[in-house]
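Protein chains: 2
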Amino acid sequence: MSKIDRISSCDDCPIRHNAVCAECDAAELAMLERSKSYMTIPAGATIASAGEPLTHLSSIITGCATMSRTLEDGRRQTVGLLLPSNFIGRPGRECSIYDVEAASEVTLCRFERRTFERMVQDTPHIAARLLMMTLDELDVAREWAVVLGRMTAREKVAAFFVSLARRQAQTDGGRQPARTTMLSLPLSREAIADHLGLTIETTSRQITALRKAGLIETPSLRAIRIPDFEKLALEAGEDDDGGIVA
Amino acid sequence: MSKIDRISSCDDCPIRHNAVCAECDAAELAMLERSKSYMTIPAGATIASAGEPLTHLSSIITGCATMSRTLEDGRRQTVGLLLPSNFIGRPGRECSIYDVEAASEVTLCRFERRTFERMVQDTPHIAARLLMMTLDELDVAREWAVVLGRMTAREKVAAFFVSLARRQAQTDGGRQPARTTMLSLPLSREAIADHLGLTIETTSRQITALRKAGLIETPSLRAIRIPDFEKLALEAGEDDDGGIVA
DNA sequence: GAGGCGCATTGATCCACGTCAAGTCAGTGC
DNA sequence: GCACTGACTTGACGTGGATCAATGCGCCTC
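These protein sequence lines map, in sequence, to chains A and B. Under my numbering, the residue at position 133 of the first sequence is numbered 133, and the numbers go up by one with no gaps. Under my numbering, the residue at position 56 of the second sequence is numbered 302, and the numbers go up by one with no gaps.
Here it is as structure tokens:
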């Protein structure tokens, strides 16, 4: 029972692998539990800066953060959108190589880095679980390369909404987004542009164009309604059998 | 001794983690060894097609392969360049979601998928090792997003040569490429263009431009000489303290 | 050596997106 | 109500890279 207790307190954490945890060493899990702490970050705040050592690894419980690189001349590219269950920092490296910023208010579940790294070394199921999570992130990153490298501005914006809708649906427990979906936009236009490799003006124009084409509605600046998800997905360059991006 | 034997025969494989392997269960390693086989693929051949089941996971021993997605209208984006030690396929998924093609002649070390997956589940050090490899690939993919999203054609081409020089140096045992480096180009101009999100014409023009600027020399179509690596890296948008891409 | 074939390069033109510069609009403070 | 601010939108124009079209060049076959 002590085992199960500890595991259930893990429910909101990255290592949310109930069945698997049951096979882990209770002493090790207890250690991880002890090093765990929660933290709330206000919107706009910096969570980590490129090159600065991280004392903790954390996973996002609620909210949205961006991971970006800024070149010396000011050009910025967001390389990842961090949503609930995503990880900040990686075992085996002291620093983040990207800037991580809270796009909305973010709550984190933090683990002391040393402890966490020891767990990964010693506990097979945590390493295996983390491996699956990382492989999924790798797929997302590669899928995004197709968007960045080969899509038009209009397709990029559509792809962004489609991808965000999929990820929000997944977080909310559903598999696929409903045909008609309401989307909360945790990012400013500038942050969207940085994610898409576009300027803020082009992004804005394409959002307008999609609205005029009836593919999206914009009830407010930070919300998007998608009347027909399939149609939007088509606009994002997906063939009819649906895409793969998470 | 039997343990050590098995491990040393792993030297050219992804699971090349001698010290770590010594702690693994000999029976499990033996199983992995039994499922191992080598294979040579001619240049230009398809190694895997998106959506088709893979019976084997493999790692590249020699040569170069590309991982790409082709959209219905023919646009193609290469999402990863596979060089020695890189992995093809992933545990936990039956198919590759990308087309994998041999750019040059490729030799593979293949593992039967089922066996390999069981190993990942059961053997902590293999999962941990695979996790580190995957995290590195994730960094490479994210770094490439910066290139695709925010760099000019000239910077993209320079970044490609710089990145390739780093990876070839790494494979050859050195840490950083020498100041003056000879680079073998395993890709056609078209494949380079697909990797950079450019057309073949723009790619060719930028190679010419870099040559005229004295940043590279082109002794043959499939070779590049870099007289001053640092200078080329600067052209690729890196600040002076060097970049992070593998 | 002539022809053909597959790549790569080069040239001329076009257009999608960047740039620069005004608006517009919601929110906030007085 | 009115000014102020910051985020967003819209407009006019310029440009980097795409597109279309030759041309060059190694390599193979005959």
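All C-beta atoms, glycine included, are put in the ideal place defined by N, C-alpha and C. Values in this document were obtained by computation on a predicted structure and should not be read as measured data.
Label residue i either buried or exposed according to how many other C-beta atoms from any shown protein chain fall within 10 Å of its C-beta, with 16 as the threshold for buried.
i	result
B/Gly335	buried
A/Thr280	Here chain A comprises residues numbered 1 to 246, so residue 280 of chain A is not present and cannot be evaluated.
B/Tyr284	exposed
A/Gly74	exposed
B/Ala479	buried
A/Glu72	exposed
B/Glu383	buried
A/Gly173	exposed
B/Asp485	exposed
A/Arg150	buried
Does the separation of the CB atoms of residue i and residue j fall below 9 Å?
i	j	result
B/Phe407	B/Ala482	yes
A/Ser188	A/Ala102	no
A/Ala274	A/Ala169	The structure shown does not extend to residue 274 of chain A, since chain A is modelled only from 1 to 246, so the question has no answer here.
A/Leu131	B/Pro337	yes
B/Thr292	B/Asp368	no
A/Ala141	B/Ala374	no
B/Ala289	B/Glu351	yes
A/Thr55	A/Glu112	yes
B/Ala311	A/Leu148	no
B/Thr353	B/Thr286	yes
A/Thr171	A/Leu83	yes
A/Cys109	A/Lys36	yes
B/Asp493	A/Ile97	Look at the range of chain B in this structure, 247 to 492, and you will see that residue 493 of chain B is not part of it.
B/Pro370	A/Pro124	yes
Output needed for residue i: all residues of its chain with C-beta closer than 7 Å, excluding positions within five of it in sequence on either side, in chain order.
i	result
A/Arg222	Ser184, Leu185
B/Gly297	Cys341
A/Pro219	Arg225
A/Gly197	Gln77, Leu148
A/Ser49	Asp99
A/Val157	Leu196, Thr203, Gln206, Ile207, Leu210
To which residues of the same chain is residue i closer than 6 Å at the C-beta, ignoring the five residues directly before and after it?
i	result
B/Thr316	Arg322
B/Gly326	Met313
B/Ile446	Arg435, Glu436, Ala439
Below 8 Å CB to CB, which residues in the same chain sit around residue i once its five sequence neighbours on both sides are set aside?
i	result
A/Arg154	Gln206, Ala209, Leu210, Glu235
B/Asp474	Arg425, Thr426, Leu461
A/Leu231	In the sequence on display, residue 231 of chain A carries Lys and not Leu. So the qualifying residues of the chain are Leu215.
Problem - Positions along the region 70-84 of chain A whose CB lies within less than 7 Å of some CB in chain B - result: Hits within the stretch, in order: Leu71, Glu72, Arg75, Gln77, Val79, Gly80.
Exercise for the section: Identify each residue in the region 185-208 of chain A for which the Cβ-Cβ distance to at least one residue of chain B is less than 7 Å, and report them in chain order. Expected result: Listed in sequence order: Gly197.
Handout entry: Secondary structure, alpha helix (DSSP H): runs of 4+ residues fully inside the region 126-186 of chain A
Key = Runs found: 153-171.
Problem - Positions along the region 89-118 of chain A whose CB lies within less than 9 Å of some CB in chain B - result: If the cut-off is 9 Å between Cβ atoms, the region 89-118 of chain A has Arg90, Pro91, Gly92, Arg93, Ile97, Tyr98 near chain B.
Practice task
Pull out every residue of the region 407-428 of chain B whose Cβ sits closer than 9 Å to any Cβ of chain A, in chain order.
Solution key: Residues of the region 407-428 of chain B with a C-beta less than 9 Å from any C-beta of chain A: none at all.
Handout entry: Interface residues of the region 371-387 of chain B facing chain A [CB-CB below 8 Å]
Key = Listed by position, the residues of the region 371-387 of chain B near chain A (Cβ gap below 8 Å) are Ala373, Ala374, Leu376, Leu377, Met378, Thr380, Leu381, Glu383, Leu384, Asp385, Ala387.
Exercise for the section: Could you run through the region 275-287 of chain B and flag, in chain order, every residue whose CB is less than 9 Å away from some CB of chain A? Expected result: Against chain A - using a Cβ distance shorter than 9 Å - the region 275-287 of chain B contributes no residues.
Practice task
Using a Cβ-Cβ cut-off of less than 7 Å, give me the residues of the region 393-407 of chain B that come near chain A, in sequence order.
Solution key: Here the close residues are Leu394, Gly395, Arg396.
Exercise for the section: Could you name the residues of the region 463-474 of chain B whose beta carbon sits closer than 7 Å to any beta carbon of chain A, in the order they occur along the chain? Expected result: Those would be none; no residue qualifies.
Practice task
At 3 residues or longer, and completely inside the region 292-352 of chain B: list those beta strand (DSSP E) runs for me, N to C.
Solution key: Qualifying beta strand (DSSP E) stretches, in chain order: 292-294, 302-308, 311-316, 322-328, 345-348.
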